[in-house]
Structure formats: C-alpha cells, structure tokens
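Chemist: For reference, the structure I am asking about is given below.
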Amino acid sequence: MTELPVEQRLQELRAQLRHHAHLYYVLDRPELPDAEYDRLYRELVELEQQHPDLITLDSPSQRVGATPDSAFAPVPHQVPMLSLDNVFTVEEWDDFDRRVRERLGWELAVGVAYACEPKFDGLAVTLHYHDGLLVKAATRGDGSTGEDITANVRTIASVPLRLLAEGAALPAQLEVRGEVLMPRAGFEQLNARQLAQGDKVFANPRNAAAGALRQLDPRISAQRPLEFYAYAIADLKGVEWPSTHSQTLRWLGTLGFRITSLASTGNGPAYVRQAYEMLGRQRDSLPFDIDGMVVKVDDRRLQLDLGFVARAPRWAVAFKFPGQEASTRLEAVDWQVGRTGALTPVARLAPVSVGGVVVSNATLHNIDEIQRLDLRPGDTVVIYRAGDVIPKVMRRLDDDGHEQREPVTLPSGCPVCASAVTRGEGEVVARCSAGLFCPAQRKEALRHFASRRAMDIEGLGEKWIDLLVEQELVHSSADIYRLTREVLLTLPRMAEKSADNMLAGIAKSKQTTLARFLFALGIPEVGESTAALLARQFGKLDALLQADEAALLATPDVGPVVARSILDFLAEPHNQAVIAALCEVGVHWVDQAAAQDLPQPLAGQTWVLTGTLSSMGRDEAGDRLRALGAKVSGSVSKKTHVVVAGESAGSKLANAQALGVTVWDEAQLVAFLKEHEGC
Ligand code: D41
Numbered sequence: 029m030t031e032l033p034v035e036q037r038l039q040e041l042r043a044q045l046r047h048h049a050h051l052y053y054v055l056d057r058p059e060l061p062d063a064e065y066d067r068l069y070r071e072l073v074e075l076e077q078q079h080p081d082l083i084t085l086d087s088p089s090q091r092v093g094a095t096p097d098s099a100f101a102p103v104p105h106q107v108p109m110l111s112l113d114n115v116f117t118v119e120e121w122d123d124f125d126r127r128v129r130e131r132l133g134w135e136l137a138v139g140v141a142y143a144c145e146p147k148f149d150g151l152a153v154t155l156h157y158h159d160g161l162l163v164k165a166a167t168r169g170d171g172s173t174g175e176d177i178t179a180n181v182r183t184i185a186s187v188p189l190r191l192l193a194e195g196a197a198l199p200a201q202l203e204v205r206g207e208v209l210m211p212r213a214g215f216e217q218l219n220a221r222q223l224a225q226g227d228k229v230f231a232n233p234r235n236a237a238a239g240a241l242r243q244l245d246p247r248i249s250a251q252r253p254l255e256f257y258a259y260a261i262a263d264l265k266g267v268e269w270p271s272t273h274s275q276t277l278r279w280l281g282t283l284g285f286r287i288t289s290l291a292s293t294g295n296g297p298a299y300v301r302q303a304y305e306m307l308g309r310q311r312d313s314l315p316f317d318i319d320g321m322v323v324k325v326d327d328r329r330l331q332l333d334l335g336f337v338a339r340a341p342r343w344a345v346a347f348k349f350p351g352q353e354a355s356t357r358l359e360a361v362d363w364q365v366g367r368t369g370a371l372t373p374v375a376r377l378a379p380v381s382v383g384g385v386v387v388s389n390a391t392l393h394n395i396d397e398i399q400r401l402d403l404r405p406g407d408t409v410v411i412y413r414a415g416d417v418i419p420k421v422m423r424r425l426d427d428d429g430h431e432q433r434e435p436v437t438l439p440s441g442c443p444v445c446a447s448a449v450t451r452g453e454g455e456v457v458a459r460c461s462a463g464l465f466c467p468a469q470r471k472e473a474l475r476h477f478a479s480r481r482a483m484d485i486e487g488l489g490e491k492w493i494d495l496l497v498e499q500e501l502v503h504s505s506a507d508i509y510r511l512t513r514e515v516l517l518t519l520p521r522m523a524e525k526s527a528d529n530m531l532a533g534i535a536k537s538k539q540t541t542l543a544r545f546l547f548a549l550g551i552p553e554v555g556e557s558t559a560a561l562l563a564r565q566f567g568k569l570d571a572l573l574q575a576d577e578a579a580l581l582a583t584p585d586v587g588p589v590v591a592r593s594i595l596d597f598l599a600e601p602h603n604q605a606v607i608a609a610l611c612e613v614g615v616h617w618v619d620q621a622a623a624q625d626l627p628q629p630l631a632g633q634t635w636v637l638t639g640t641l642s643s644m645g646r647d648e649a650g651d652r653l654r655a656l657g658a659k660v661s662g663s664v665s666k667k668t669h670v671v672v673a674g675e676s677a678g679s680k681l682a683n684a685q686a687l688g689v690t691v692w693d694e695a696q697l698v699a700f701l702k703e704h705e706g707c
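And the structure:
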C-alpha cells in the first residue's frame, strides 16, 4: 500500500469527521459507532500535531481555541436584527392576518400562505460565512450592534465551521440568523454539575445558554450543551435567494445547519390556529423550551412588499403561548413618574418564582385597574408572566383580612415633586402637572436625550444625569452643553478622568443628524422611525418648524394624532426656547435636501442592485436611488433600466447581459449619485 500524502489524508479525515458530526449533531442520525469516530478524530489531531502548518481553521479539531482579542467587541449589523411583535390570543392573531391582507390589498377570502415554527426560548445570534467558512458570530445586542462571540459559537457542534456543498454552489457570502439554546436535559446536567462544584445554578435553560455565550474562556463554553437552530437568511451573495421561507429552511438544512422538524406551512388564519394548538400540545414533551410559535408570511416577495415598521417585520409575528402564574403577597403599590409625567402604579411583591424567573415587581397599568381588581397592600395576588414580557397582576385571591386593609388611592400630589396630579376628563392616565419642572420628568427626558439612539452622549450615564438634576446643575437639555470641568468636579465621586470623558462625549455629540435630534427632543408620539421619516421629508429643521398640519401629514407614517402632537410640542414656548438654545450651544448636523423638493431624475425607472459594493451597503445604495425617484427591484427583467453590478455579482448580472439590459459598475453609480444628489 502506498502512503498517502499527508495533505490528502488530512482532507479525507476532515471530510469524514464533518460528515459524521453532521449526522450525529445536526440530524440526530449517527451511522458510525462512537469509538470509530473517536479513532478518526485522534488520528486527525495526531497528524495535525506533527504538521501544525497544515491546520486549517475549519478543521473539526479547531472548535475550541484561545480567547481572542475580539471577544465581545461590538459588531454592527449591516442588516438590522429585527424583533418580533407578539400576539397572545386567537383574536389578536386574526387581527394580524387581516392587517397583512389589507396591506397586500388582497380580498378577505384569499388565504395567505404562512410558515409556522416553534419560537425557541434561546438567544438570537447571527453567523457570517465567507466562501463557505464561518468567519464571525455575533449576538443580537440592541438589533443594530451586537457582540462578537465567534470563539464561543465555534464550540457549538451543530454550527457548521464550513458549509456543506452537496453538489450545489456555495454562496460567496451568507449571513444566517438563528437561535442558540440549551436543551432541557443538558440544562439539568449542567445545574447538577454546578451544584456539585459549589457554583451558581441557573434559573432556566435560557439564562444558562446566555451564560455560556458570555464565557470569556471558550473551553468552558465548549462544555455547555448548546445547540443552534437556523431560521433566517439576512444576507446572501453569489446564489439566488430562496423564494419562500420554507425553501429557506430546507436550503439551510442542506448547507449543514440544524433546522426544526416542527415547521409547517399552510394557507390562511385557520391553518395557523390549528398549527398553534398542535404545537401547544407538543410543547411539554419537546427536548427544549419554546414560548410560542413564530408565524411568517412564506413568500419572500410578499415579505418584501410588507416590509417592516420600526424594529419589527410586518410579515412575521410571535404567537405566544399562555404564560405561567404564581401567587404572592402584594407588599405595596409605588407610583413611578415617566417622561411625559404619566403616573404608573408598580406592584411591589414578595419575591416569587414564576416559570423559573424570580419576580418582585409587576405592572398595574393605572388606577382604574387597581380599583377594578380591588387591590390592597397585604392582599394575596396572582401574577402572570409570559415569556419575556413584564409580569402583570391578574387578580386577587379572597382572604379574611382584605376588608380591613387600606385601599390604594391615586396620590393627589406627584410622589417626586409634590405638584398637583391631574387627570383629564375621561382619561385613564393621571399625570404630574409640573412638566419639566418635575425632577422625575426632567431626569427621564434627559436620559432619553442622552441615550444611545438619540444624542448618544458617551460618559453621561443615567446615574450622572440623576445627580446633575438633583444638584440643579442641569435643567434642560441645552444645559448639558454648558457644563464645565469645574462644575463637574463638584459632583460627589466624580474623578477628573470621568469628567474629561464626559465632556469629550458631550462635545462629540454636538455633531449629530436631524433624525437623532428630533428623536432626542422627546416629542410625544415621535419615536425613532418617525423622527427619521420627518428628517427625510423636511431635510432642514426650519422647514419642519414651519410645517402646517397638511405638510406633516404628507410624511409617510404620520397621521392626525402624530401631526397634532408635533404641532402642540412645537407651539410650546418652552420647547421653542430649548430648540433655539441647543442650536446656539453648537448642536449641528448636515442639512439634507428634503425628499419633497428633490429632483427625481430616475422617476419611472426600475433599477436592480447586485453583488457587493465597496463604498456603501446595498441598502444605502437602494435608498439613495429611491430618493432620486427610482424603483429598486430584486429581479432583472426586460423592463429594468440599469443593473448595478458590484463584486462577485451572480445570476442577475448574467440575466441582465442575456436581456441586453444596461450594466453599470460601482464607479459609474458613485459618479452618477455624486452628480445628481446635489448636496
Ligand atoms: O425561534 C425563534 N426565537 C425565532 C426568532 C424564530 N423562529 N424566527 C425568528 N424570525 C425572525 C425574523 C422574522 C425577524 C427573521 C426569530 C426572530 N426574528 C427574532 N429573534 C429574536 C429577535 C427576533
């Protein structure tokens, strides 16, 4: 027998191990006895030890490495990691379905095809593959930026380090989204081990999975029994997108990912109701926790039509299972004052475990709710907790002492500033009447102003804001920009370094965008996405300040309620003064041309973007083309005006060439945008 060259043997071993690991860890269908697998594995490790120069990053031996410098470094998500809206009842589900059909302009009799799958109670994670190799893994974080957890994710056996390429072409780039979870059995074993070692036990599998991903030492993560289930593609280059969600799951399966066997697809809302009931019946016997069913519009084209609002897609929803209940003692009812002065009652509870999570506070919504339930401190109450939602007080249990206890009343004075509490005719919400003179409202408004998505003032955390307000050093947001080093150093526990960092953060935040500025103002009803739409619509602050109701209503997603709220806010002299002061202290941004006044040289044209652009993301390129009037489409036809082909463009480029459609490269696009954007 002739000796095989080492490289060839290594390749063979890796291919065999990869194949059998896939059968074992992903498909739960091992073909090789464990001992035989171990023998192959040992041979691989020995050969690699003799030839360390031949070790590759995707070798099955390379799952557990050292802690890299990049551990937990921020990873911006090119494609945001959206969240899912929840529905809790069949009625709410039917409403969702109706909204989908209304948006699509479908007749009520026509059923939408929905894909149903379990909602894993784990942690959302995104995986990047380049040319078939796993190059990065990140947590969801706030949806725009996550943390680098590549080293820990590499230890998860059901995550392919290299995509399987059974015959089919491998994508040049692939970003896969899915959930990391710990099966119940592994969780029990882990806790038994932790207990035996005197280490802390985890409250539930989800916390244990989160703990494992946050381990600095990947060798410890490797001992935690984690699994990864893939459920979406965020980005794909070099291969056509599957045209439905069900096809996406199947395709991800062929690439070597573990996908759920509990997914199914069917037509219309009644199908979904049935699937929900069936999954609910299977729930307790599954090897892992699920907290509902995710329902997705199956057809990708319809998904794109429906788009998303704020941070959640309009084409998918989490249909939650009923939560769990527990009873405990209501210790007290406290009142919290929010940013708009609304007084919210909070139930303080004797700590109680509900479905593995210790609860000591619960929401009570408003005073009407307290009176309806006739809650009195000292009563025994039933708490309800569903998944990740804030626990809520459901009802009171009858007992002998109830009648002797003191009922809860709405305080007549604000619990923070003692100003009068008012409640408009027919309104459920009671408010502190002091506006920004109330320190609680001021603190909340300033926290919002400085927060990451608003002015993003680094170094000015909530604790400092509270202190600055309490010491009466900051009254309005503009005062933040008037703080000096001397003043900061008078604060208790303020070190010179922190003061300098805070001042640097404050100075840096002056350069912002109109969208952030508008969001930061805290106009009631104007969230992050509305602020962005307003900035885009008006381009300049002055144009917005002068807008009348009709002009506001021309903004996408702005209806009468939002328009009214903006007009009221801007009519308030105090708010006008703060806006003027902010501009005066140097807060600035680059004005954009207003969407409404832009020339539209591409009106009536359809453009297609394909491949990777180096100077901007494809989303950005699409936005900029749309701003010039173009319709940006995902597929090439004879009616396409221009196909912009970036690096490694695939079949769309080929289609364009076959159809004789004009093809531009990135340089042509950039030159065109520069010429026509005019700013
Ligand atoms: O099982 C889940 N937890 C799950 C989460 C799922 N099966 N599908 C999901 N699909 C999405 C979209 C539709 C946005 C791709 C999700 C999530 N998102 C999700 N998980 C955490 C935040 C969002």
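To convert, note that position 671 of the sequence shown is 699 in the numbering used here; the numbers rise steadily by one, no gaps. Quick reminder that beta carbons are idealized off the backbone N, C-alpha and C, glycines included. Please read all numbers here as calculations on a predicted model, not as lab measurements.
1. Have a look at G226, V618, K680 and V664 and flag the residue whose alpha-carbon is nearest the alpha-carbon of T640.
2. State yes or no: is the C-beta of V322 nearer than 6 Å to some heavy atom of the ligand D41?
3. Rounded to whole angstroms, what is the Cα-Cα separation between D333 and L132?
4. So the beta strand (DSSP E) R357 belongs to, where does it begin and stop?
5. I'd like the list of long-range same chain contacts for G351, defined as Cβ closer than 6 Å, with 5 residues on each side in sequence excluded.
6. If we ignore side chains and look at the alpha-carbon of each, how far apart do G384 and A354 end up?
7. Drop a sphere of 10 angstroms on the beta-carbon of R126, count the other beta-carbons inside from all chains shown, and report buried for 16 or more, exposed for fewer.
8. Taking C-alpha atoms, which residue in E705, V615, L610 and G335 lies nearest to R652?
9. For the region 84-103 against the region 53-66, do three or more pairs of beta-carbon atoms, one drawn from each stretch, fall closer than 8 Å, so that the two count as touching?
10. Taking only beta-carbon positions, decide if T84 is within less than 7 Å of chain C.
11. To test your reading of the DSSP string, which unbroken alpha helix (DSSP H) runs of 4 or more residues are found completely within the region 148-199?
12. Closer than 6 Å to a non-hydrogen atom of the ligand D41 - does that hold for the CB of L112?
13. Tell me the rounded alpha-carbon separation between A197 and R286.
14. Within the present structure, is the beta-carbon of P341 separated from the nearest heavy atom of the ligand D41 by less than 6 Å?
15. Leaving aside the five residues before and after T558 along the sequence, list all residues of the same chain whose C-beta is less than 7 Å from its C-beta, in chain order.
16. Quick one: Cα of G650 to Cα of V698, how far?
17. At which residue ranges does the region 297-348 contain complete alpha helix (DSSP H) runs of 4 or more residues, listed in the order of the chain?
18. At a cut-off of 6 Å, is F148 close to the ligand D41 when judged by its beta-carbon and the heavy atoms of the ligand?
19. Using 8 Å as the threshold, is the region 175-190 in touch with the region 91-108, meaning 3 or more CB pairs across them?
20. Could you tell me if the beta carbon of E145 falls within a distance shorter than 6 Å of some heavy atom in the ligand D41?
21. Taking 8 Å as the threshold, find out whether the region 455-467 comes into contact with the region 483-492 through three or more Cβ pairs.
22. With burial defined as no fewer than 16 other Cβ atoms inside 10 Å of the residue's Cβ, what is the status of M29: buried or exposed?
23. Buried or exposed for I418, please, with buried defined as at least 16 other CB atoms from any protein chain shown within 10 angstroms of its CB.
24. Within the same chain, show all residues whose beta-carbon is closer than 8 Å to that of R234, passing over the 5 residues directly before and after it, in chain order.
25. If I measure Cβ to Cβ from D263 and keep anything under 6 Å in the same chain, skipping five residues before and after, which residues do I get?
26. Quick one: using the 10 Å Cβ neighbour count with 16 as the cut-off for buried, is K324 buried or exposed?
27. At a cut-off of 6 Å, is E207 close to the ligand D41 when judged by its beta-carbon and the heavy atoms of the ligand?
28. If you draw a straight line from the alpha carbon of G614 to that of D528, how long is it in whole angstroms?
29. Taking the C-alpha atoms as reference points, what is the distance between A231 and A240?
30. Helix, strand or coil, according to DSSP, for C611 in the structure here?
31. I'd like the list of long-range same chain contacts for V138, defined as Cβ closer than 8 Å, with 5 residues on each side in sequence excluded.
32. Please determine whether the Cβ atom of Y412 lies at a distance below 6 Å from any heavy atom of the ligand D41.
33. Does the beta-carbon of A166, which I'm using as the reference point, lie nearer than 6 Å to any heavy atom of the ligand D41?
34. Check whether the Cβ of Y142 lies closer than 6 Å to any heavy atom of the ligand D41, and answer yes or no.
35. Less than 7 Å between the C-beta atoms of T391 and K420, yes or no?
36. Return the residue from the list Q604, A658 and M109 that minimises the CA-CA distance to V337.
Modeler: According to the structure shown:
1. Start at 1 with the first residue of the sequence shown, and residue 640 comes out as number 612. Answer by Cα proximity: K680.
2. The residue you call residue 322 lines up with position 294 of the sequence shown. V322: yes, Cβ under 6 Å from the ligand D41.
3. For this step, residue 333 is matched to residue 305 along the sequence shown. For this step, residue 132 is matched to residue 104 along the sequence shown. Distance between the alpha carbons of D333 and L132 is about 7 Å.
4. One-based indexing of the sequence shown puts residue 357 at position 329. From DSSP, the beta strand (DSSP E) with R357 extends over Q352 to V365.
5. Your numbering for residue 351 matches position 323 in the sequence shown. The answer, listed in chain order, is Y412, R413 and A414.
6. Reading the sequence shown from its first residue, position 356 is the one you call residue 384. Reading the sequence shown from its first residue, position 326 is the one you call residue 354. So the two alpha carbons sit approximately 11 Å from each other.
7. Position 98 of the sequence shown, counting from 1, holds the residue named residue 126. Under this definition R126 is an exposed residue.
8. Sequence index remark: in the sequence shown, residue 652 carries index 624 (1-based). For R652, the nearest C-alpha among the options comes from E705.
9. no
10. Protein chain content of the structure displayed is limited to a single chain, and chain C is not contained in it.
11. 178-181
12. Counting from one through the sequence shown, the residue named residue 112 turns up at place 84. Result yes, Cβ under 6 Å from the ligand D41.
13. The count along the sequence shown starts at 1 and reaches residue 197 at position 169. The count along the sequence shown starts at 1 and reaches residue 286 at position 258. Cα to Cα, A197 sits roughly 19 Å from R286.
14. One-based indexing of the sequence shown puts residue 341 at position 313. At least one heavy atom of the ligand D41 is nearer than 6 Å to the Cβ of P341, so yes.
15. Start at 1 with the first residue of the sequence shown, and residue 558 comes out as number 530. So the list reads D585, V586 and V590, once near-sequence residues are dropped.
16. Counting from 1 along the sequence shown, the entry for residue 650 is found at position 622. Counting from 1 along the sequence shown, the entry for residue 698 is found at position 670. Cα to Cα, the separation comes out at about 12 Å.
17. 328-334
18. As a working note, residue 148 is residue 120 in the sequence shown. Result yes, Cβ under 6 Å from the ligand D41.
19. yes
20. Taking the first residue of the sequence shown as position 1, residue 145 is located at position 117. E145 Cβ: within cutoff of the ligand D41.
21. no
22. Residue 29 sits at position 1 when you count from the first residue of the sequence shown. No answer about M29 holds up, because its pLDDT of 46 lies below 50 and its placement is not dependable.
23. On the sequence shown, position 390 is the one that residue 418 refers to. By the 10 Å Cβ count, I418 comes out exposed.
24. Position 206 of the sequence shown holds residue 234. D149, G150, L151, L209, M210 and D317.
25. Start at 1 with the first residue of the sequence shown, and residue 263 comes out as number 235. If we look at D263 and ignore the five residues flanking it on each side, its Cβ neighbours are V107 and E203.
26. Locating residue 324 in the sequence shown gives position 296, where the first residue counts as 1. When all chains shown are included, K324 counts as buried.
27. Counted from its first residue, the sequence shown places residue 207 at position 179. Correct: E207 has its Cβ closer than 6 Å to the ligand D41.
28. Here residue 614 is taken as the residue at index 586 of the sequence shown, counted from 1. Here residue 528 is taken as the residue at index 500 of the sequence shown, counted from 1. Going by the C-alpha atoms only, they are around 19 Å apart.
29. In the sequence shown, residue 231 corresponds to position 203, counting from 1. In the sequence shown, residue 240 corresponds to position 212, counting from 1. For A231 and A240, the distance between alpha carbons rounds to 14 Å.
30. By one-based count along the sequence shown, residue 611 stands at place 583. DSSP places C611 in helix when its eight states are reduced to three.
31. Counting from one through the sequence shown, the residue named residue 138 turns up at place 110. So the list reads R129, once near-sequence residues are dropped.
32. Indexing the sequence shown from 1 puts residue 412 at position 384. Y412 Cβ: outside cutoff for every heavy atom of the ligand D41.
33. Locating residue 166 in the sequence shown gives position 138, where the first residue counts as 1. Result no, Cβ not under 6 Å from the ligand D41.
34. The residue given as residue 142 occupies position 114 in the sequence shown. No, the Cβ of Y142 stays beyond 6 Å of every heavy atom of the ligand D41.
35. What you label residue 391 is simply residue 363 of the sequence shown in a count that begins at 1. What you label residue 420 is simply residue 392 of the sequence shown in a count that begins at 1. A contact, by the Cβ cut-off of 7 Å.
36. Counted from its first residue, the sequence shown places residue 337 at position 309. Minimum Cα distance to V337 is reached at M109.
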